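**Student:** In this note's numbering, the protein residues as written are 3 to 373. All C-beta atoms in this analysis are idealised placements derived from N, C-alpha and C, irrespective of residue type, glycine included. Given the structure is predicted, the values throughout are model-derived calculations rather than measurements. Could you have a look at this structure, given as structure tokens, before my questions?
Given below as structure tokens:
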């Protein structure tokens, strides 16, 4: 028989498939949507704004036609909002696609990509798939002000002559930690402009502390900076898979040549434009998420659990021992959270911030499981 693994390109052969955590479809069938509490995917319990459904409905008659290959309307809307030119914005089939394409375009065999310890798993997948070496500088220690957060000094020290890309997340998934914009600015001043610095801002809209505005404000000074965002979280469009990158037009040019034709479908384009038209919806989500995140953190700490400070719509919870039995017991009772073994954190679980009812159910079930 043919050994197909032997035929696979070296970078792909080194990959492990992205782990979604659970077969959520099977769990929905088992428990029913009204019973199952889904706190593993960091989706918005708020959903999307009412304009989105109307925008999607208006597109249904045109499903036999390909979408706009240039995503003209969405690019223009994003550029207006961010004070950029349309060619400085690139929509993608989720920010995941763009993160992968950045490594495809700019990294490869003979080079390396720097991803901090506990950085988002897709950043590592992107580097490996491109055939690059991955360097993983240690995160901040547990006794630091930002435990398990990015150590930007260590990241800067890891950059060498072979470095092509640095991936950062602010705030970070799965830790929920963050760093101030002034620290990013100091970091960028140390990095050669031949090294791309990608700041993944998937959770930008959940930030409520001062001093962490978007890295977008630094694009004019640092042409090697890329900022990625998603509509999956605060905008409630996870099912439609649409994200975008912001960067110098010359930097994004190679991705234009690499990207899939008609990468973002018509429903996603229309929905994203509609989502942008109701920023009040995002503001309400941010306020609700902050209140529920604070309440959930207090409830978990009352169970003597360690909760990492978070500016996202999830919290990283340290159980002090193997968390797998706890996670399995929760799933058996219809509560889904995210195991962290793949991040080298077997004693932790990542728990999305739900609405008041979902969070109360989680705490009640967790309390019973831990007795």
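Name the one or two DSSP bridge partners that residue 114 has.
**Tutor:** 135, 165
**Student:** Would you identify the three-state DSSP class for residue 318, choosing helix, strand or coil?
**Tutor:** strand
**Student:** Which one of 240, 3, 107 has the shortest CA to CA distance from residue 375?
**Tutor:** This structure leaves residue 375 out entirely; the chain is present only between 3 and 373.
**Student:** Distance, Cα to Cα, residue 79 vs residue 85?
**Tutor:** 10 Å
**Student:** Cα-Cα, which of 136, 101, 170, 246 is closest to residue 77?
**Tutor:** 246
**Student:** Are the Cβ atoms of residue 349 and residue 323 separated by less than 8 Å?
**Tutor:** yes
**Student:** DSSP three-state call for residue 202: helix, strand or coil?
**Tutor:** Collapsing the DSSP output to three states places residue 202 in a strand.
**Student:** What's the C-alpha gap between residue 260 and residue 112?
**Tutor:** 21 Å
**Student:** Report, in whole angstroms, the separation of the C-beta atoms of residue 230 and residue 202, which I expect to be a contact under 8 Å.
**Tutor:** 5 Å
**Student:** Can you check which of these residues, 313, 296, 15, 294, is closest to residue 148 by C-alpha distance?
**Tutor:** Of the residues 313, 296, 15, 294, the one whose Cα lies closest to the Cα of residue 148 is 313.
**Student:** Do the region 295–306 and the region 261–278 meet, that is, are 3 or more Cβ pairs less than 8 Å apart?
**Tutor:** no
**Student:** Tell me whether the beta-carbon of residue 41 lies closer than 8 Å to the beta-carbon of residue 337.
**Tutor:** yes
**Student:** Tell me which same chain residues have a C-beta within less than 6 Å of the C-beta of residue 135, skipping the five on either side of it?
**Tutor:** 114
**Student:** Find out if the Cβ-Cβ distance for the pair residue 152, residue 181 is shorter than 8 Å.
**Tutor:** yes
**Student:** Which runs of the beta strand (DSSP E), 3 residues or longer, sit entirely within the region 245–275?
**Tutor:** 245–248
**Student:** According to the Cβ coordinates, are residue 54 and residue 116 closer than 8 Å?
**Tutor:** no
**Student:** Residue 281 CB to nearest chain E CB: under 8 Å?
**Tutor:** Looking at the structure shown, chain E is missing, and only one protein chain is on hand.
**Student:** If I measure Cβ to Cβ from residue 71 and keep anything under 7 Å in the same chain, skipping five residues before and after, which residues do I get?
**Tutor:** 263, 264
**Student:** Identify which residue in 168, 288, 106 has its Cα closest to the Cα of residue 139.
**Tutor:** Among 168, 288, 106, the Cα nearest to that of residue 139 belongs to 168.
**Student:** What residues in its chain sit with their C-beta under 8 Å from that of residue 221, if we drop five residues either side in the sequence?
**Tutor:** Taken in chain order, the residues that qualify are 86, 90, 227, 229, 248, 249, 250.
**Student:** Leaving out five residues before and five after residue 157 in sequence, what residues of the same chain have Cβ atoms less than 8 Å from its Cβ?
**Tutor:** The residues are 116, 118, 139, 168, 170, 189.
**Student:** My assumption, with CB atoms under 8 Å, is that residue 353 sits in contact with residue 319. Please give the rounded CB distance.
**Tutor:** Their Cβ separation, rounded to whole angstroms, is 6 Å, which keeps residue 353 and residue 319 in contact under 8 Å.
**Student:** Are residue 198 and residue 104 close, meaning C-beta to C-beta below 8 Å?
**Tutor:** yes
**Student:** Less than 8 Å between the CB atoms is what I'm expecting for residue 351 and residue 340, so what's the real figure, rounded?
**Tutor:** Separation of the CB atoms of residue 351 and residue 340 is rounded to 7 Å, and the pair is thereby assigned contact status at 8 Å.
**Student:** Which same chain residues end up closer than 7 Å to residue 211 when comparing Cβ atoms and leaving out the 5 residues on each side of it in sequence?
**Tutor:** 313
**Student:** Are the CB atoms of residue 225 and residue 195 within a distance shorter than 8 Å?
**Tutor:** Taking C-beta atoms as the reference points, residue 195 and residue 225 count as a pair closer than 8 Å.
**Student:** Whole angstroms is fine: what's the gap from residue 217's alpha carbon to residue 154's?
**Tutor:** 15 Å
**Student:** Whose C-beta lies closer than 8 Å to the C-beta of residue 107 among residues of the same chain, with five residues either side of it excluded?
**Tutor:** For residue 107, the CB contacts under 8 Å within the same chain, skipping 5 residues up- and downstream, are 256, 257, 260 in chain order.
**Student:** In this structure, does DSSP put residue 151 in helix, strand or coil?
**Tutor:** Residue state, collapsed to three classes: coil.
**Student:** What is the residue span of the alpha helix (DSSP H) that residue 91 lies within?
**Tutor:** Residue 91 -> not in any alpha helix (DSSP H); beta strand (DSSP E) instead, spanning 91–94.
**Student:** Between the alpha carbons of residue 130 and residue 16, how many angstroms are there, rounded?
**Tutor:** Residue 130 and residue 16: Cα-Cα distance of roughly 7 Å.
**Student:** Return the CA-CA distance between residue 172 and residue 362, expressed in angstroms with no decimal places.
**Tutor:** 28 Å
**Student:** Under the DSSP definition of a beta bridge, which residues are partnered with residue 354?
**Tutor:** 316
**Student:** Quick check: is any heavy atom of the ligand NAP less than 7 Å from the C-beta of residue 125?
**Tutor:** As far as ligands go, the structure on display features none, and thus does not contain the ligand NAP.
**Student:** Determine the direct distance from the alpha carbon of residue 56 to that of residue 62, and round the result to whole angstroms.
**Tutor:** 10 Å
**Student:** I'd like the list of long-range same chain contacts for residue 215, defined as Cβ closer than 6 Å, with 5 residues on each side in sequence excluded.
**Tutor:** 183
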